Structures are given as structure tokens and as C-alpha cells.
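Notes to accompany the following structure.
Number of protein chains: 2
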Amino acid sequence: MRVSAKADYAVRAAAELAAGGDEPVKGERLAEAQDIPLQFLEHILLELKHHGIVRARRGAKGGYWLAKPADEVTIADIVRAVEGPIAHVQSSPPEDIEYKGHAEHLQEVWIAVRANLRAVLEHVTLADLVNGELPPAVKDLAAPADAWAPR
Amino acid sequence: MRVSAKADYAVRAAAELAAGGDEPVKGERLAEAQDIPLQFLEHILLELKHHGIVRARRGAKGGYWLAKPADEVTIADIVRAVEGPIAHVQSSPPEDIEYKGHAEHLQEVWIAVRANLRAVLEHVTLADLVNGELPPAVKDLAAPADAWAPR
DNA sequence: GCGCTCCTGACCAAAAAGGTCAGGAAAGTC
DNA sequence: GACTTTCCTGACCTTTTTGGTCAGGAGCGC
Numbered sequence: 001m002r003v004s005a006k007a008d009y010a011v012r013a014a015a016e017l018a019a020g021g022d023e024p025v026k027g028e029r030l031a032e033a034q035d036i037p038l039q040f041l042e043h044i045l046l047e048l049k050h051h052g053i054v055r056a057r058r059g060a061k062g063g064y065w066l067a068k069p070a071d072e073v074t075i076a077d078i079v080r081a082v083e084g085p086i087a088h089v090q091s092s093p094p095e096d097i098e099y100k101g102h103a104e105h106l107q108e109v110w111i112a113v114r115a116n117l118r119a120v121l122e123h124v125t126l127a128d129l130v131n132g133e134l135p136p137a138v139k140d141l142a143a144p145a146d147a148w149a150p151r
Numbered sequence: 152m153r154v155s156a157k158a159d160y161a162v163r164a165a166a167e168l169a170a171g172g173d174e175p176v177k178g179e180r181l182a183e184a185q186d187i188p189l190q191f192l193e194h195i196l197l198e199l200k201h202h203g204i205v206r207a208r209r210g211a212k213g214g215y216w217l218a219k220p221a222d223e224v225t226i227a228d229i230v231r232a233v234e235g236p237i238a239h240v241q242s243s244p245p246e247d248i249e250y251k252g253h254a255e256h257l258q259e260v261w262i263a264v265r266a267n268l269r270a271v272l273e274h275v276t277l278a279d280l281v282n283g284e285l286p287p288a289v290k291d292l293a294a295p296a297d298a299w300a301p302r
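As you go down the protein sequences, you meet chains H and D in turn. Read left to right, the first sequence gives residues 1 to 151 (this note's numbering). Read left to right, the second sequence gives residues 152 to 302 (this note's numbering).
Dropping the structure here:
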């Protein structure tokens with residue numbers, strides 16, 4: 001249940017692209033802005049490109065930009081592009097698992113977990129992220145001091 | 152963002168223990184009931200024991216049982232025992248991360264993600280799980296057909 | 001003292017995580 | 001048309017994690 005460096009990097013780079021508007025931004029600038037190893041970042045950006053999330057052009061004046069408006073790209077889109085499906089259990093989606101014995105209802109629990117992950121990741125767009133205007137429901141989740149406490 | 156085999160196994164074994172009441176249950180029976188490799192399961196049960204979640208006795212009539220009443224043990228307790236902290240980003244808890252540039256508000260997003268994970272995992276107890284009586288809020292999350300759809 | 005069951009550490013193979021390296025291919029500039 | 005710039009791609013690498021197995025020891029009950 002952790003977020004990989006790759007996913008974190010991907011979202012951060014995408015946020016910089018969202019802030020960059022339609023102008024192409026060089027990989028090098030993204031790497032500097034977010035302290036990401038350049039060559040690793042280039043692999044990540046390539047994956048994002050293959051998933052139709054960013055576009056790119058080579059050469060002088062080249063760089064990367066978002067394929068869609070920033071308010072149409074969610075964090076879930078990006079995480080899925082680089083990490084694959086969210087909330088799989090033992091490499092299978094929760095709806096495919098068959099539990100037996102007294103664990104039968106565990107399936108519902110994992111479904112609920114995924115639903116709650118989606119509730120955040122699919123509703124925060126890159127535009128929200130760069131403006132700091134997260135959806136009210138998400139802001140409310142992050143507001144309580146409780147939510148910031150380790151455990 | 153996936154659930155490891157180990158965590159899945161741990162919760163399933165704990166559910167069987169919850170159903171077993173105060174009687175010690177043999178590792179072998181747990182392994183059979185849930186189709187878990189016995190020797191792997193024993194390592195997992197040992198970890199649960201070290202975290203004070205289960206207790207055990209050796210010898211004939213020995214076995215494992217829950218250290219606390221089933222309605223006082225949450226799924227989060229078990230997942231944390233075997234997987235460590237929930238929802239870490241790059242091996243650090245989200246409250247410790249400092250983002251720069253246009254990614255600043257990403258921290259709030261990860262905090263919200265963790266809050267929503269906790270909202271499920273910390274509120275479902277083993278008793279709920281074996282009875283199939285999940286908390287209403289959790290049941291509502293798992294109810295919509297939408298929640299069962301892949302994506 | 002004997003059988004049962006947990007306890008523990010060592011070991012292992014495969015995959016994933018987190019990168020680095022070297023070179024090729026397009027786009028723009030002079 | 002050469003040159004520079006920047007993306008594109010595959011190969012490679014090390015370390016950690018995952019998902020186990022194996023062998024033996026230690027305590028418990030009879």
C-alpha cells in the first residue's frame with residue numbers, strides 16, 4: 001500500500017507540465033524543477049506519452065506538453081499509466097478474487113478500499129493540483145489534524 | 152498501490168482465528184481453510200504474534216488464537232503488522248515530504264489518500280469481517296456496481 | 001520421554017524498484 | 001547540408017522486496 005518513486009515523479013512532472021501551458025517544456029527543466037534524475041524521468045515521460053497523456057517534440061524548441069487540458073487529466077490517469085491498476089490484491093483485481101471460509105467478505109473490504117482510493121485519485125485533476133484548489137471533499141479529508149498524524 | 156500476498160494471507164488467517172473463538176487453532180488448519188502455504192503462513196503468524204495480535208501455544212492441543220477480542224482488532228492493525236505503515240510515499244510518510252514548484256499541494260493529496268484508506272481499514276474489525284456486518288459507511292462504498300467495475 | 005506444534009534463522013529464486021549508459025532519430029538552425 | 005538540440009529506445013545494472021522453502025530447535029501435554 002505504498003506509492004512508488006516512479007508514480008510520485010510522474011505526478012510531479014505532470015504538474016509542472018500543467019503549469020507550463022501549451023509551450024513545450026524540456027525534460028531537463030522538469031528534472032531540475034522537481035529534483036528528479038533526468039534519465040529516469042525520460043523513461044517515465046515516455047510511458048506517459050505511450051499512454052496518450054503527454055505529447056513531445058524533439059530538437060531545439062522541443063519538449064513535452066500535456067495531450068489534454070490540465071482539468072481533464074486526473075492523478076489516477078497518471079498513476080495508472082506508470083504503476084498499472086490501482087489496488088490490486090495479489091496481482092488480481094479485487095472483483096476477481098474468490099475467498100472461502102470466514103474470509104468471504106474480505107472481497108467487499110478490498111472493493112471499498114479501492115472505491116475510496118478512486119474517490120480521491122480520480123477527482124483531483126492536474127489543474128486542481130497546480131492551483132491548490134482541490135475538490136472540497138478531498139480538502140475535507142486532508143484538513144483534520146488527525147489526518148496528518150502518523151500511526 | 153497494491154495489497155501483497157502476505158497482507159492478504161494475514162487478514163484471512165486472522166479471520167479464521169476470529170471465527171475460532173478462544174480455542175487454539177493449529178497453523179495447519181488455518182493453512183487448509185484458506186489455501187495458504189503452511190510454512191509461509193507460520194512466518195506470518197509469528198510476525199502477528201510479535202506485534203501482539205495473536206498468541207500461541209505449542210504442543211498437542213496447541214495452536215494460535217487472537218490476543219484481543221475480535222471486535223477490537225482492525226484490518227489496519229493486521230496490515231500494518233506485516234506490511235508496515237500504510238500509504239507511504241517513497242518510503243516516507245506523506246506528512247514528512249516537502250514538495251516544491253508546482254507540486255506543492257501534492258502532499259495534501261497523499262494525506263487525503265491515506266485518510267481514505269484509514270477510513271476503511273481502521274473501521275472494519277475482524278468481528279465485522281466474519282459476520283459479514285461491515286460498518287454502514289464501508290458497505291455503502293462497496294455497494295455501487297461502479298465500485299466493482301475495472302478501470 | 002515422546003509426539004505434537006510452534007519458533008527461528010538461513011537460504012533461495014524471481015520479480016520489482018530505481019536507476020544509469022550508450023546510441024539513434026527527428027526537429028530546428030545556420 | 002551540417003550541426004545542435006532534444007526526445008526516443010533498449011540494454012544493462014544493483015539493491016530490495018516478494019513469496020516462498022528447508023532444517024532444526026524448543027516448549028507443551030500426556
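We put the CB at the ideal spot given by N, CA and C, even for glycine. Everything numeric in this text was worked out from a predicted model, so none of it was measured.
What are the start and end residues of the alpha helix (DSSP H) that includes residue 58 of chain H?
For the purposes of this step, residue 58 of chain H is identified with residue 58 of the first sequence, where counting begins at 1. Run containing residue 58 of chain H: none; DSSP gives neither H nor E here.
Going by the beta-carbon positions, is the gap between residue 268 of chain D and residue 238 of chain D smaller than 8 Å?
Position 117 of the second sequence, counting from 1, holds the residue named residue 268 of chain D. Position 87 of the second sequence, counting from 1, holds the residue named residue 238 of chain D. Cβ distance < 8 Å, so residue 268 of chain D and residue 238 of chain D count as in contact.
Scan the stretch 236-251 of chain D for residues whose Cβ lies nearer than 8 Å to a Cβ of chain H and list them as they occur along the chain.
236, 237, 238, 239, 240, 241, 242, 244, 246, 250, 251
Please compile the residues from chain H whose C-beta is within a distance smaller than 7 Å of the C-beta of residue 159 of chain D.
Stepping through the second sequence from its first residue, residue 159 of chain D is reached at position 8. Within 7 Å Cβ-Cβ: 89, 90.
Report yes if the CB atom of residue 110 of chain H is closer than 8 Å to the CB atom of residue 79 of chain H, and no otherwise.
Along the first sequence, read from residue 1 onward, the residue named residue 110 of chain H stands at position 110. Along the first sequence, read from residue 1 onward, the residue named residue 79 of chain H stands at position 79. Not a contact, by the Cβ cut-off of 8 Å.
Assuming the contact rule is C-beta atoms closer than 8 Å, residue 11 of chain H and residue 257 of chain D should be a hit. Round their C-beta distance to whole Å, please.
By 1-based counting over the first sequence, the position of residue 11 of chain H is 11. By 1-based counting over the second sequence, the position of residue 257 of chain D is 106. About 6 Å; that satisfies the 8 Å criterion.
What is the residue span of the beta strand (DSSP E) that residue 153 of chain H lies within?
Past the edges of chain H, shown from 1 to 151, lies residue 153 of chain H, and the structure says nothing about it.
Please confirm whether residue 253 of chain D has its beta-carbon closer than 8 Å to some beta-carbon of chain H.
As a first step, residue 253 of chain D must be located in the second sequence, where it is residue number 102. At least one beta carbon of chain H lies nearer than 8 Å to the beta carbon of residue 253 of chain D.
Hey, could you find the ends of the alpha helix (DSSP H) residue 96 of chain H is sitting in?
Position 96 of the first sequence holds residue 96 of chain H. Residue 96 of chain H -> no alpha helix (DSSP H), and no H or E assigned at all.
Using a C-beta cutoff of 8 Å, does residue 78 of chain H count as contacting chain D?
Counting from one through the first sequence, the residue named residue 78 of chain H turns up at place 78. False, the Cβ-Cβ gap to chain D never drops below 8 Å.
Buried or exposed: residue 38 of chain H, going by 16 or more other Cβ atoms within 10 Å of its Cβ?
Numbered from its first residue, the first sequence carries residue 38 of chain H at position 38. Exposed: under 16 other Cβ atoms inside 10 Å.
Any chance the stretch 195-206 of chain D sits against the stretch 156-170 of chain D, with 3 or more Cβ pairs inside 8 Å?
The stretch 195-206 of chain D makes contact with the stretch 156-170 of chain D, as at least three CB pairs between them are under 8 Å.
Three or more beta-carbon pairs under 8 Å between the stretch 56-73 of chain H and the stretch 270-285 of chain D, yes or no?
Below 8 Å, too few C-beta pairs join the stretch 56-73 of chain H and the stretch 270-285 of chain D to call them touching: fewer than three.
Counting along the chain, where does the alpha helix (DSSP H) carrying residue 287 of chain D start and finish?
Position 136 of the second sequence holds residue 287 of chain D. 287-293 is the span of the alpha helix (DSSP H), which, as asked, contains residue 287 of chain D.
Which chain H residues sit within Cβ distance under 9 Å of residue 301 of chain D?
Position 150 of the second sequence, counted from the first residue, corresponds to residue 301 of chain D. Result: 85, 93, 95, 96.
From the DSSP output, read off the bridge partner residues of residue 176 of chain D.
The residue you call residue 176 of chain D lines up with position 25 of the second sequence. DSSP output for residue 176 of chain D lists D:215 as bridge partner(s).
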